[in-house]
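*Asks:* Protein chains in written order, with our numbering: chain A, 1 to 166; chain B, 1001 to 1166; chain C, 2001 to 2166; chain D, 3001 to 3166. Each residue gets a CB set at the ideal place from its N, CA and C atoms; glycine is no exception. This structure is a prediction, so every number in the text was calculated from the model and none was measured.
Protein chains: 4
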Amino acid sequence: MKKNSKILILVTGGTFDKEYNEITGKLFFNNSHIKEMLDLGRCKINVEIKNLMLKDSLDIEKKDRELILKACLETNEKKLVITHGTDTMTETAKLLANNIEDKTIVFTGAMIPYKFGASDGLFNLGSALTAVQVLQSGIYIAINGNIFEWNKVQKNREKGVFELTN
Amino acid sequence: MKKNSKILILVTGGTFDKEYNEITGKLFFNNSHIKEMLDLGRCKINVEIKNLMLKDSLDIEKKDRELILKACLETNEKKLVITHGTDTMTETAKLLANNIEDKTIVFTGAMIPYKFGASDGLFNLGSALTAVQVLQSGIYIAINGNIFEWNKVQKNREKGVFELTN
Amino acid sequence: MKKNSKILILVTGGTFDKEYNEITGKLFFNNSHIKEMLDLGRCKINVEIKNLMLKDSLDIEKKDRELILKACLETNEKKLVITHGTDTMTETAKLLANNIEDKTIVFTGAMIPYKFGASDGLFNLGSALTAVQVLQSGIYIAINGNIFEWNKVQKNREKGVFELTN
Amino acid sequence: MKKNSKILILVTGGTFDKEYNEITGKLFFNNSHIKEMLDLGRCKINVEIKNLMLKDSLDIEKKDRELILKACLETNEKKLVITHGTDTMTETAKLLANNIEDKTIVFTGAMIPYKFGASDGLFNLGSALTAVQVLQSGIYIAINGNIFEWNKVQKNREKGVFELTN
């Protein structure tokens, strides 16, 4: 809750940012909606948004993860939120955990695109931005009310939820 | 982040829950929307909602605050979120702070009713539910990305924002 | 359905255009949302919007109605849609009916402000823009699926609906 | 505008009714939203909804079209609205035009699913329900503000709009 620290938001895509293409009838990535969501939340904290990529997390490859890692290492900020597709979120988290020690990094995502009326995205973004301010150094996943340490959670793809690993 | 603890949400009203009355053209309270908002956020944590009242915070009187205090004292839960109108939020927080020591209580509210398309409510609710899980005992206000200790903040009514006191 | 004729939309305010003021907590008029609504409806017909006033229809006075009449008479367009608060819609319609013979004028409004998530406004606007293209000269009210001739309808303020007069 | 006639709405699917599947991340059909949309529009006219199928119009086959024709012929109602995917809307319209003479049938659809925040569906539904009340017998397409006779229009798939044929 030190008010002078800035939070860096790294955008990588995921369900969060998917839109409906009126011409093709398919879902696609156009632009990130994170700025619009912060405006909607009347977010008053010091935040910088950096768009790294707009990808479905199933399409995130080794070199993409390395790009995310590089962005985390290069910034002077100690508090980062990463928006990321849920399917491979823990894989990216693992790479960061193996290489970063002194930063608080919170992953978040959504089960429903923000542009749909019924998205959980705004709830999750509020959660992630709060977690990153309060938690000690480490890599976390904040989604649907839960805040998990990255290595104690897995996505149950059948149910579409994150669960604690045994 | 202990998964076994339940969070109690006390509903008192505020902008959060205001609706538009089609017949009179006025804003009014009908029902609380907190359950609907938790569903929208696909909230997966253990939460109980208790509706205490549905009031504009300018209409909350001494006996209402005492009712809120009583509800906080009577419950066994150690983690509470209180939805409350923003105008007198710090007054209620002060009463709780003077009487409760061993609980984490997070107030939240909204600048725009949830039922409006452009409400900040879902963002704030995600924030409050995260703050209450992570923070030490104390009375806090989580709104628009900020998490304030109750006695270090005031509402700037002209700007419609919460600010740190000097 | 002649594609070359333009439709003039006269904006007068009404529930349609009311917004929530975050600072005061009251409803107020800021800007008209008709352009935004046409964009949402991907409206492809030739339409011109003219903002006459932004008033609750209970606040529309004799001189306001005369301004509306003047705008209807001055334009060369033969097809007009007027957005108007529902409470005194039939009064304005009467003034127009007494002074205009050769134009198709369709009034419409909303029971819930457009900016609320659950507004009927978009439905009514689609209805009015269709009615004005198809109907013969005359003054009509298109709302909530009904298309009424102006002099055969009254608003039931208790129920908040328009009904045929006996 | 005779108030005693009922309008039959035949649901066949199309973009109108597509939803986002949280588990698979794909669009799919679950239930029709027409009833919910009529409620949102506070529709006060006498309407009956009949769900025939929930299909993308590219998946509508000869036997499906015959089912739609059969439903139009079997009902006693003279005024019908058909919700239908836009890609093959004119094909179904042609079959009906070749077999039905004494009914007013208005097709409508949407460019964006209703469940997305930014759908044109409600606008189009208001338009179709108005057109069907006012127009003479015939087969029409009401979409994005236009009301076309079925045999004078084609969908421009590149632009995603309906246009008059030359």
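1. What separation, rounded to the nearest whole angstrom, lies between the Cα atoms of residue 145 (chain A) and residue 2141 (chain C)?
2. In chain B, which residues lie less than 7 Å from residue 2020 (chain C) when you measure between Cβ atoms?
3. Give a yes or no on whether 8 Å exceeds the smallest Cβ distance from residue 3131 (chain D) to chain C.
4. Going by the beta-carbon positions, is the gap between residue 57 (chain A) and residue 126 (chain A) smaller than 8 Å?
5. Would you check if the region 3090–3104 of chain D and the region 2091–2102 of chain C touch, i.e. whether three or more CB-CB distances between them fall below 8 Å?
6. Looking only at DSSP bridge pairs, what is residue 2162 (chain C) linked to?
7. Using CA atoms only, rank isn't needed, just tell me which of B:1006, B:1046, B:1036 and B:1157 is closest to residue 1089 (chain B).
8. Can you confirm whether the region 71–89 of chain A touches the region 106–116 of chain A when touching is taken to mean that 3 or more C-beta pairs between the two stretches lie within less than 8 Å?
9. Which residue marks the beginning of the alpha helix (DSSP H) containing residue 2055 (chain C), and which one marks its end?
10. Determine whether the Cβ of residue 1134 (chain B) lies closer than 8 Å to any Cβ atom of chain A.
11. Residue 2041 (chain C): which of C:2121, C:2138, C:2165 and C:2135 sits nearest, CA to CA?
12. Between residue 28 (chain A) and residue 19 (chain A), which are expected to be in contact by the criterion C-beta below 8 Å, what is the C-beta distance as a whole number of angstroms?
13. For residue 3164 (chain D) and residue 3152 (chain D), which I take to be in contact (beta-carbon distance under 8 Å), what is that distance rounded to the nearest angstrom?
14. I'd like to check one pair, residue 17 (chain A) with residue 32 (chain A): are the Cβ atoms closer than 8 Å?
15. From the beta carbon of residue 3015 (chain D), is the nearest beta carbon of chain A less than 8 Å away?
16. Hey, how far is the Cα of residue 3074 (chain D) from the Cα of residue 1130 (chain B)?
17. Using 8 Å as the limit for Cβ to Cβ distance, is residue 3138 (chain D) near chain C?
18. Can you tell me which of the three DSSP states residue 2146 (chain C) falls into?
19. The alpha helix (DSSP H) spanning residue 3123 (chain D) covers which residue range?
20. Use the C-beta contact count for residue 2111 (chain C): other C-beta atoms within 10 angstroms, 16 or more gives buried, fewer gives exposed.
21. Can residue 3083 (chain D) and residue 3009 (chain D) be called in contact, C-beta distance under 8 Å?
22. Quick one: grab the DSSP three-state call for residue 2001 (chain C).
23. Could I get the ranges of all uninterrupted alpha helix (DSSP H) runs contained in the region 2058–2123 of chain C, with 4 residues as the minimum, in chain order?
24. Assuming the contact rule is C-beta atoms closer than 8 Å, residue 161 (chain A) and residue 1044 (chain B) should be a hit. Round their C-beta distance to whole Å, please.
25. Cutting at 8 Å between CB atoms, please list the residues of its own chain near residue 67 (chain A), excluding the five before and the five after it.
26. What are the boundary residues of the alpha helix (DSSP H) that includes residue 35 (chain A)?
27. Would you tell me roughly how many angstroms separate the C-alpha atoms of residue 3062 (chain D) and residue 3011 (chain D), rounded to the nearest one?
28. Using a threshold of 8 Å, state whether the C-beta atoms of residue 155 (chain A) and residue 64 (chain A) are closer than that.
29. Strictly by DSSP, which residues pair up with residue 1018 (chain B)?
30. Please look up how many angstroms separate the CB atoms of residue 116 (chain A) and residue 3116 (chain D), rounded, as I've assumed it's under 8 Å.
31. Taking 8 Å as the threshold (beta carbon to beta carbon), is residue 2147 (chain C) in contact with chain D?
32. Tell me where the beta strand (DSSP E) around residue 12 (chain A) begins and ends.
33. What residues from chain D crowd round residue 2142 (chain C), counting only those whose CB sits closer than 9 Å?
34. Strictly below 9 Å CB to CB, what residues from chain B border residue 2121 (chain C)?
*Replies:* With the structure as the only source:
1. As a position in the first sequence, residue 145 (chain A) is number 145, starting the count at 1. As a position in the third sequence, residue 2141 (chain C) is number 141, starting the count at 1. Roughly 47 Å separates the two Cα atoms.
2. Position 20 of the third sequence, counted from the first residue, corresponds to residue 2020 (chain C). Neighbours of residue 2020 (chain C) on chain B, chain order: 1112, 1113 and 1116.
3. Sequence index remark: in the fourth sequence, residue 3131 (chain D) carries index 131 (1-based). At least one beta carbon of chain C lies nearer than 8 Å to the beta carbon of residue 3131 (chain D).
4. Taking the first sequence and counting its residues from 1, the one referred to as residue 57 (chain A) is at position 57. Taking the first sequence and counting its residues from 1, the one referred to as residue 126 (chain A) is at position 126. No.
5. Judged by pairs of C-beta atoms under 8 Å, the region 2091–2102 of chain C does not touch the region 3090–3104 of chain D, as fewer than three such pairs exist.
6. The count along the third sequence starts at 1 and reaches residue 2162 (chain C) at position 162. Partner(s): C:2155.
7. The sequence position of residue 1089 (chain B) within the second sequence is 89, counting from 1. The residue among B:1006, B:1046, B:1036 and B:1157 with its C-alpha nearest the C-alpha of residue 1089 (chain B) is B:1157.
8. In short, these stretches touch, since the Cβ pair count reaches three.
9. As a position in the third sequence, residue 2055 (chain C) is number 55, starting the count at 1. Not the alpha helix (DSSP H): residue 2055 (chain C) falls in the beta strand (DSSP E), residues 2047–2055.
10. As a working note, residue 1134 (chain B) is residue 134 in the second sequence. Taking Cβ atoms only, chain A reaches closer than 8 Å to residue 1134 (chain B), which makes this a yes.
11. Here residue 2041 (chain C) refers to the residue found at position 41 when the third sequence is read from its first residue. Nearest C-alpha to residue 2041 (chain C): C:2121.
12. Within the first sequence, residue 28 (chain A) is the residue found at index 28, counting from 1. Within the first sequence, residue 19 (chain A) is the residue found at index 19, counting from 1. Right, the Cβ-Cβ distance comes to about 6 Å (below 8 Å), so this counts as a contact.
13. Working through the fourth sequence from its first residue, we reach residue 3164 (chain D) at position 164. Working through the fourth sequence from its first residue, we reach residue 3152 (chain D) at position 152. Their Cβ separation, rounded to whole angstroms, is 6 Å, which keeps residue 3164 (chain D) and residue 3152 (chain D) in contact under 8 Å.
14. The residue labelled residue 32 (chain A) in the question sits at position 32 within the first sequence. The residue labelled residue 17 (chain A) in the question sits at position 17 within the first sequence. Against a cut-off of 8 Å, the Cβ pair of residue 17 (chain A) and residue 32 (chain A) comes out as a contact.
15. On the fourth sequence, residue 3015 (chain D) is found 15 positions in, with the first residue counted as 1. Residue 3015 (chain D) counts as touching chain A.
16. Locating residue 3074 (chain D) in the fourth sequence gives position 74, where the first residue counts as 1. Locating residue 1130 (chain B) in the second sequence gives position 130, where the first residue counts as 1. When the Cα atoms are used, residue 3074 (chain D) and residue 1130 (chain B) turn out to be separated by approximately 58 Å.
17. Here residue 3138 (chain D) corresponds to residue number 138 of the fourth sequence, with the count starting at 1. Taking Cβ atoms only, chain C never reaches closer than 8 Å to residue 3138 (chain D), which makes this a no.
18. Mapped onto the third sequence, residue 2146 (chain C) falls at position 146. In this structure, residue 2146 (chain C) counts as strand in the three-state DSSP scheme.
19. Along the fourth sequence, read from residue 1 onward, the residue named residue 3123 (chain D) stands at position 123. Residue 3123 (chain D) -> alpha helix (DSSP H) spans 3121–3134.
20. In the third sequence, counting from the first residue as 1, residue 2111 (chain C) sits at position 111. When all chains shown are included, residue 2111 (chain C) counts as buried.
21. Your numbering for residue 3083 (chain D) matches position 83 in the fourth sequence. Your numbering for residue 3009 (chain D) matches position 9 in the fourth sequence. Yes, the pair counts as a contact, with Cβ atoms nearer than the cut-off.
22. Mapped onto the third sequence, residue 2001 (chain C) falls at position 1. Model confidence at residue 2001 (chain C) stands at a pLDDT of 49, short of 50, so the residue's coordinates are unreliable; what they give is reported in the following sentence. DSSP places residue 2001 (chain C) outside both helix and strand once states are collapsed to three, so it counts as coil.
23. The qualifying runs are 2062–2074 and 2089–2097.
24. Numbered from its first residue, the first sequence carries residue 161 (chain A) at position 161. Numbered from its first residue, the second sequence carries residue 1044 (chain B) at position 44. The pair is a contact, with the Cβ atoms about 6 Å apart (cut-off 8 Å).
25. On the first sequence, residue 67 (chain A) is found 67 positions in, with the first residue counted as 1. 52 and 53.
26. Looking up residue 35 (chain A) in the first sequence gives position 35. 34–40 is the span of the alpha helix (DSSP H), which, as asked, contains residue 35 (chain A).
27. The residue you call residue 3062 (chain D) lines up with position 62 of the fourth sequence. The residue you call residue 3011 (chain D) lines up with position 11 of the fourth sequence. Spanning the two alpha carbons is a distance of roughly 17 Å.
28. For this step, residue 155 (chain A) is matched to residue 155 along the first sequence. For this step, residue 64 (chain A) is matched to residue 64 along the first sequence. Residue 155 (chain A) is not a Cβ neighbour of residue 64 (chain A), given a cutoff of 8 Å.
29. Counting from one through the second sequence, the residue named residue 1018 (chain B) turns up at place 18. Answer is B:1029, bridged to residue 1018 (chain B).
30. Walking along the first sequence from the start, residue 116 (chain A) turns up at place 116. Walking along the fourth sequence from the start, residue 3116 (chain D) turns up at place 116. Rounded to the nearest angstrom, the Cβ distance from residue 116 (chain A) to residue 3116 (chain D) is 5 Å, consistent with a contact under 8 Å.
31. Position 147 of the third sequence holds residue 2147 (chain C). Cβ-Cβ to chain D under 8 Å: yes for residue 2147 (chain C).
32. Taking the first residue of the first sequence as position 1, residue 12 (chain A) is located at position 12. Segment 7–13, the beta strand (DSSP E) holding residue 12 (chain A).
33. By one-based count along the third sequence, residue 2142 (chain C) stands at place 142. Simply 3126 and 3130.
34. Residue numbering aside, residue 2121 (chain C) sits at position 121 when the third sequence is read from its first letter. Going along chain B, no residue has its Cβ under 9 Å from residue 2121 (chain C), so there is no contact; the nearest lies around 12 Å.
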